[in-house]
Ligand SMILES: [Zn+2]
């Protein structure tokens, strides 16, 4: 059986991917996952307050292991709810570019 290949960003301490098995069921093959990054510049979303020590806002990359389509996702959330926002990385990049363009409108010339 072929070895499982991990994306370059996959952190084996967080990876839950397993080799596909003939009798696999949905969700059984897990996800490649990056190490989580704490997003410290967002203090709250609505009523949810983030605290770097008690309730950090975390982001990580995830990609379903074969046989699922290897779409890389950007997941943002808390320890309890790690997928408050889950976007394919192409959509996440487009959204971030839009926000950066908006923020850059305030640049001092
Ligand atoms: Zn992996």
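Numbering (this note's numbering), first residue to last: 913 to 1021. Ideal Cβ placement from N, Cα and C applies to all residues, glycine included.
Round the Cβ separation of residue 999 and residue 1011 to the nearest angstrom and send it over; I've been treating them as touching at under 8 Å.
Here residue 999 refers to the residue found at position 87 when the chain shown is read from its first residue. Here residue 1011 refers to the residue found at position 99 when the chain shown is read from its first residue. With 8 Å as the limit, residue 999 and residue 1011 do not qualify as a contact, their Cβ atoms being about 13 Å apart.
Between which two residues does the alpha helix (DSSP H) holding residue 1015 run?
Residue 1015 sits at position 103 when you count from the first residue of the chain shown. 1001–1016 is the extent of the alpha helix (DSSP H) around residue 1015.
Measure how close the beta-carbons of residue 945 and residue 916 come, nearest whole angstrom, since I'm counting them as under 8 Å.
In the chain shown, counting from the first residue as 1, residue 945 sits at position 33. In the chain shown, counting from the first residue as 1, residue 916 sits at position 4. In fact, because the Cβ distance is near 13 Å, the residues do not count as touching under 8 Å.
Cβ of residue 950 within 8 Å of Cβ of residue 969?
The sequence position of residue 950 within the chain shown is 38, counting from 1. The sequence position of residue 969 within the chain shown is 57, counting from 1. Yes, the Cβ-Cβ distance between residue 950 and residue 969 is below 8 Å.
Mind checking residue 1002: buried by the 16 CB within 10 Å criterion, or exposed?
Translated into positions along the chain shown, residue 1002 becomes position 90. Residue 1002 should be labelled exposed.
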